[in-house]
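Asks:
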Amino acid sequence: MTSFIRNQKDDLDNELLEGYTIDDLDSSSVKAYKAKLLERYPESGLDTKSEEEFFRGAKSNPRNSILVSLFTRMGAAERAGSGSQKIQNIVIKNNFKEPELETNIEETKLKLWTVQPAEVYPELSDVEQVIYNIISDTDDIKGLSKKNIQDMLKDNNEYTVKAALNRLTSLNLIEKVGGNRNRTYRRVMSTLEMMKKIDDISKGVMNMLLETKSKNL
-7 MTSFIRNQKD DLDNELLEGY TIDDLDSSSV KAYKAKLLER YPESGLDTKS EEEFFRGAKS
53 NPRNSILVSL FTRMGAAERA GSGSQKIQNI VIKNNFKEPE LETNIEETKL KLWTVQPAEV
113 YPELSDVEQV IYNIISDTDD IKGLSKKNIQ DMLKDNNEYT VKAALNRLTS LNLIEKVGGN
173 RNRTYRRVMS TLEMMKKIDD ISKGVMNMLL ETKSKNL
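Residue numbers (the numbering used here): -7 to 209.
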């Protein structure tokens, strides 16, 4: 099952389990577009979640516990509160554009993009697209210097590379790190990635503490 279809399935599950409808005027829907997936369902104002709470998951407020039990037994849904973490993992793994969450007392709208950030800007030149991909694919957390990038683009002069880097920076697709002499460029880290890294560090520290405690017993 592709990530796109899996997200649609998870969205439909969420709609049926957590959608809050009080009369015929309210509705729930999942709309699929070529470049993105849009989820929308009416939400009770009392249960409105912040963006951080939504993507951290682990907390669910289903309207009907019987439906939750039924969906779980059918295999149509998994542990409550785990859906948003799946979305987070898919976005980070594929380097998709960060989801957009809008919530108010009447409704919650979630846009799940299935494209990389640079693809949202079709006006990017070929050089800008190539440079963005090069920077995104590097495993070095410090990023790449202009010279590193220039060495990979033999057919483009220094001016072209510099102009492309400046444009990508202005679009907030990449960021500059360090001063002029030691400057590097790296992909802008999404909020989801930052949250996941913080969670990973917290879990790592907790595991170390537990291991130390068990050795001292």
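Using N, Cα and C, we set each Cβ at its ideal position, and we do this for glycine too.
These numbers were taken from a predicted model, which means no experiment stands behind them.
(1) Using only alpha-carbon positions, find the residue among 133, 125, 157 that is nearest to residue 139.
(2) Tell me whether residue 166 sits in a helix, a strand or coil according to DSSP, three-state version.
(3) Taking the alpha-carbon positions, what's the residue 208 to residue 198 distance?
(4) Confirm the yes/no value for this check: CB of residue 92, any heavy atom of the ligand FMN, distance under 7 angstroms.
(5) Quick check: what's the CA-CA separation for residue 174 versus residue 206?
(6) Rounding to the nearest angstrom, what Cα-Cα distance links residue 144 and residue 204 in this structure?
(7) Drop a sphere of 10 angstroms on the beta-carbon of residue 33, count the other beta-carbons inside from all chains shown, and report buried for 16 or more, exposed for fewer.
(8) Is the distance from the Cβ of residue 180 to the Cβ of residue 165 below 8 angstroms?
(9) Helix, strand or coil for residue 151, going by three-state DSSP, please let me know.
(10) Within its chain, find whatever has a CB closer than 8 angstroms to the CB of residue 141; leave out the 5 residues flanking it on each side and keep chain order.
(11) By DSSP, does residue 90 sit in helix, in strand, or in coil?
(12) Tell me whether residue 35 is buried or exposed, calling it buried when 16 or more other Cβ atoms sit within 10 Å of its Cβ.
(13) In chain order, what residues of the same chain lie with their CB nearer than 7 angstroms to the CB of residue 17, ignoring the 5 residues before and after it?
(14) Quick one: what's got a C-beta closer than 6 angstroms to residue 137's C-beta in the same chain, skipping five residues either side?
(15) Please state if the CB of residue 159 and the CB of residue 120 are separated by a distance shorter than 8 angstroms.
(16) Could you tell me the boundaries of the beta strand (DSSP E) in which residue 177 lies?
(17) Look up residue 34 in the DSSP assignment and say whether it is helix, strand or coil.
(18) So, for residue 161: in the same chain, excluding its five sequence neighbours on each side, which residues have a beta-carbon less than 7 angstroms away from its beta-carbon?
Replies: Let me spell this out:
(1) The count along the sequence shown starts at 1 and reaches residue 139 at position 147. Ranking 133, 125, 157 by Cα distance to residue 139 puts 157 first.
(2) Translated into the one-based positions of the sequence shown, residue 166 becomes position 174. In the structure shown, residue 166 sits in a strand (DSSP, three-state: E or B).
(3) Numbered from 1 along the sequence shown, position 216 holds the residue referred to as residue 208. Numbered from 1 along the sequence shown, position 206 holds the residue referred to as residue 198. If you take the alpha carbons of residue 208 and residue 198, they lie about 15 angstroms apart.
(4) As presented, the structure is devoid of all ligands, the ligand FMN included, so that no description of it is given.
(5) Within the sequence shown, the letter at position 182 stands for residue 174. Within the sequence shown, the letter at position 214 stands for residue 206. Distance between residue 174 and residue 206, taken at the CA atoms: about 44 angstroms.
(6) As a working note, residue 144 is residue 152 in the sequence shown. As a working note, residue 204 is residue 212 in the sequence shown. One C-alpha to the other measures close to 46 angstroms.
(7) Counted from its first residue, the sequence shown places residue 33 at position 41. Low confidence applies to residue 33: its pLDDT is 47, below 50, so where it sits in the model is not reliable enough to give any reading.
(8) Looking up residue 180 in the sequence shown gives position 188. Looking up residue 165 in the sequence shown gives position 173. For residue 180 and residue 165, yes; Cβs fall inside 8 angstroms.
(9) As a position in the sequence shown, residue 151 is number 159, starting the count at 1. Residue 151: helix per DSSP, three-state reduction.
(10) The residue labelled residue 141 in the question sits at position 149 within the sequence shown. Only 123, 126, 127, 153, 157, 177 meet the Cβ criterion.
(11) Along the sequence shown, one-based indexing puts residue 90 at 98. Taken through DSSP and simplified to helix, strand or coil, residue 90 comes out as coil.
(12) Reading the sequence shown from its first residue, position 43 is the one you call residue 35. The predicted position of residue 35 is uncertain, since its pLDDT is 45 and thus under 50; no value can be drawn from it.
(13) Taking the sequence shown and counting its residues from 1, the one referred to as residue 17 is at position 25. Low confidence applies here, because residue 17 scores a pLDDT of 47, under 50, leaving its location unreliable; read the following figure in that light. Nothing listed; no residue qualifies.
(14) Numbered from its first residue, the sequence shown carries residue 137 at position 145. Cβ within range, chain order: 176.
(15) Counting from one through the sequence shown, the residue named residue 120 turns up at place 128. Counting from one through the sequence shown, the residue named residue 159 turns up at place 167. Yes, they are a contact pair.
(16) Locating residue 177 in the sequence shown gives position 185, where the first residue counts as 1. Taken as a continuous stretch (DSSP letters only), the beta strand (DSSP E) holding residue 177 covers 176 to 179.
(17) Here residue 34 is taken as the residue at index 42 of the sequence shown, counted from 1. Residue placement at residue 34 cannot be trusted, given a pLDDT of 44 that sits under 50; the coordinates are not used to answer.
(18) In the sequence shown, counting from the first residue as 1, residue 161 sits at position 169. Contacts found: 167, 168.
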